[in-house]
Amino acid sequence: MDDLLYANRGAIEAAQERCFSEMIGLAAERHGRTRALLADKNLAVSSLRHLARLPVTRKEDYMREPDAFLLDTQGLPEEMHTVWDTMYTTGSTAGVPTPFVSTTYDFFRILEANRNMLRLRGARPDDVIANLFPLTARPHGAFIRTLHAAASMNLRVVAALPGNPSPYFTLGNDLGRVVEVVARCRSTILWGVPSYVRRVLARAEEAGADFSAVRLAFLTGEGLNEESRDEFTRSLRRLGTREAWVSVSYGATEMQGGMVECAPGSGYHNPAPDQFHFEVVDPATLETLPDGKPGLVLLTHLRRRGTVLLRYALGDISTLSRERCPHCGSWTDRLTTLPRRADALLKVKGTLVNPTVLVQAAEAVLGAREFQFVIRDGEILGLNVAGAIDESLSKRLSDNVKRACGVTPAVEFVPDEAISDASKAWKTRRVIDQRRPM
0 MDDLLYANRG
10 AIEAAQERCF
20 SEMIGLAAER
30 HGRTRALLAD
40 KNLAVSSLRH
50 LARLPVTRKE
60 DYMREPDAFL
70 LDTQGLPEEM
80 HTVWDTMYTT
90 GSTAGVPTPF
100 VSTTYDFFRI
110 LEANRNMLRL
120 RGARPDDVIA
130 NLFPLTARPH
140 GAFIRTLHAA
150 ASMNLRVVAA
160 LPGNPSPYFT
170 LGNDLGRVVE
180 VVARCRSTIL
190 WGVPSYVRRV
200 LARAEEAGAD
210 FSAVRLAFLT
220 GEGLNEESRD
230 EFTRSLRRLG
240 TREAWVSVSY
250 GATEMQGGMV
260 ECAPGSGYHN
270 PAPDQFHFEV
280 VDPATLETLP
290 DGKPGLVLLT
300 HLRRRGTVLL
310 RYALGDISTL
320 SRERCPHCGS
330 WTDRLTTLPR
340 RADALLKVKG
350 TLVNPTVLVQ
360 AAEAVLGARE
370 FQFVIRDGEI
380 LGLNVAGAID
390 ESLSKRLSDN
400 VKRACGVTPA
410 VEFVPDEAIS
420 DASKAWKTRR
430 VIDQRRPM
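So in numbering that gives the first Met the number 0 the end of the sequence shown lands on 437, straight run, no missing numbers.
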């Protein structure tokens, strides 16, 4: 398909209609979930104009019966029925990660999407990517797709292999060794989750490591407010080039990639509008919202042959724009506000608490400093903060969290490794509920 990334909006929408027409035709015949919905509700869906006739697919629907979202590819070309790989989402109703299956045809599309992600972010032919994602016990797109992204643009990449996900894995590197790898390879792009990249930069500064070639940090997997971005940028520019900057992405296993910034604050661009269609709906009524209104983000696959999701709720709130990006000139759709989780409320000491509000209240005081809320038995809201004890900071932090949610946290200062441990998870969970079920 012709390059749509910088085509006009009319060309993008025409291509999306063609791709959806083919996708819904296959789904109606070969996709268990869609076939059942169309038959049960007697629906006619042949165009994106009719998309809202389909019900929203929740994560719970997919996790409960992942096989129902697989396309039956019997009789289709070899590339469409050969399973290339299977990645896993982060949960299921049984506590087991949910499989996301890609065929060879899908993998070709994944390469195209990841190449466009790099183009949007300003990758250059001479770049060297430092893959700072850890291996995981089950295949996950973060580590693997970084390697594929580099391949898609014929770039050099070094896998730093932080941490140790399994007693059967013997090649994991500690933080000091990771810093040595980045410096030795003259890496120009650091790609990882904010909590771990922050540790790499801090260790590099302590050790006086040569990071002078670093010009970009690609951050994904965890929220990053503007204060944290500014701190990252200052750190990058102390160690790397004077023009170094941070590009944040909104990644999803269901995309095998993510929506990326072309410049700080530019919004999160859809890197493959022929593959992904986005819409925003009211979280309560699920009615489609006009562009510019905040709501629940839905993803529809337009060109897949393995796992196929239509009107799939990614679980985040944001706003959608189809206007031309003033920074890069692309007409592809963008999420223009930082996506925030639409999580269910937690009850602590009889008070309903929004996890997003908790995180925002802590970030307002701590900036880029690592932290983690832990809700324990006895209705205790613990707040672990990385670093040395600071009573003044503890008081300001406690007061700000209480003002935001009505509950006073028990602040405790802990070693950085107690929060950010790449050997245990590929990204830091900001709020953990450890209470035993009653």
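Positions of the beta carbon are idealized from the N, C-alpha and C atoms, including for glycine.
| request: Reducing DSSP to helix, strand and coil, say where L4 ends up. | output: coil
| task | Give a yes or no on whether the C-beta atoms belonging to R340 and D376 are separated by under 8 Å. | result | no
| field | Simplified DSSP assignment, three categories, for A93 | value | Any reading at A93 must be qualified, since the residue scores a pLDDT of 47, below 50, and its modelled position is unreliable; the value itself is stated next. In this structure, A93 counts as coil in the three-state DSSP scheme.
| Could you give the distance in angstroms between the alpha-carbon of Q73 and the alpha-carbon of L396? | 58 Å
| query | Going along the chain, which residues of its own chain have a beta-carbon closer than 8 Å to the beta-carbon of L301, five neighbours each way excluded? | reply | Q15, C18, F19, M22, D273, Q274, F275 and H276
| request: Determine the contact status of V180 and V157, defining contact as a CB-CB distance below 8 Å. | output: yes
| Which full runs of the beta strand (DSSP E) of 3+ residues lie inside the stretch 385 to 424, going along the chain? | 409 to 413
| query | If you count every other CB in all the chains shown that lies within 10 Å of the CB of A93, and 16 or more means buried, which is it? | reply | Residue confidence is low: A93 scores 47 on pLDDT, short of 50, so the model does not pin down where it sits. Its coordinate-derived value is still stated next. With fewer than 16 Cβ atoms within 10 Å of its Cβ, A93 is classed as exposed.
| request: Using DSSP bridges, identify the partner residues of R375. | output: I379
| request: Give the single residue among A149, Y5, L50 and P98 whose Cα lies nearest to the Cα of L69. | output: P98
| said: Taking the straight line between their C-alpha atoms, what separation do you get for K401 and N224? | reply: 20 Å
| said: Can you look up R322 in the DSSP assignment and give me helix, strand or coil? | reply: The residue asked about is misnamed: residue 322 is Glu in this sequence, not Arg. If DSSP states are grouped into helix, strand and coil, E322 belongs with coil.
| Taking buried to mean at least 16 other C-beta atoms within 10 Å of its own C-beta, is A216 buried or exposed? | buried
| query | Given R438, which residues of its chain have a CB within under 8 Å of its CB, disregarding the five upstream and five downstream residues? | reply | The structure shown has nothing for residue 438, since the chain only spans 0 to 437.
| query | Considering only the beta carbon of each residue, do A26 and V358 sit closer than 8 Å? | reply | no
| message | Please return the same chain residues whose Cβ sits closer than 8 Å to the Cβ of A409, not counting the five positions on each side in sequence. | response | I379, L380, G381 and L382
| query | Do I316 and L297 have their C-beta atoms within less than 8 Å of each other? | reply | no
| field | Which listed residue (T219, R183, V178 and G222) has its alpha carbon closest to that of E205 | value | V178
| Which ranges would you report for the beta strand (DSSP E) in the stretch 213 to 241 if only whole runs of at least 3 residues count? | 215 to 218
| Using the C-alpha atoms, what's the distance from S391 back to Y87? | 43 Å
| Under the rule that 16 or more other beta-carbon atoms within 10 Å means buried, what is K58, buried or exposed? | buried
| Quick one: complete alpha helix (DSSP H) runs, 4+ long, within the stretch 90 to 172? | 103 to 119 and 140 to 151
| task | Give every residue of the same chain whose Cβ lies closer than 6 Å to the Cβ of G191, excluding the five residues on either side of it in the sequence, and list them in chain order. | result | L131 and F132
| Cβ-based neighbour list, E111, same chain, cut-off 8 Å, excluding 5 preceding and 5 following | S151, A271 and Q274
| query | How about the stretch 257 to 266 and the stretch 111 to 121: do they share at least three Cβ pairs that are nearer than 8 Å? | reply | yes
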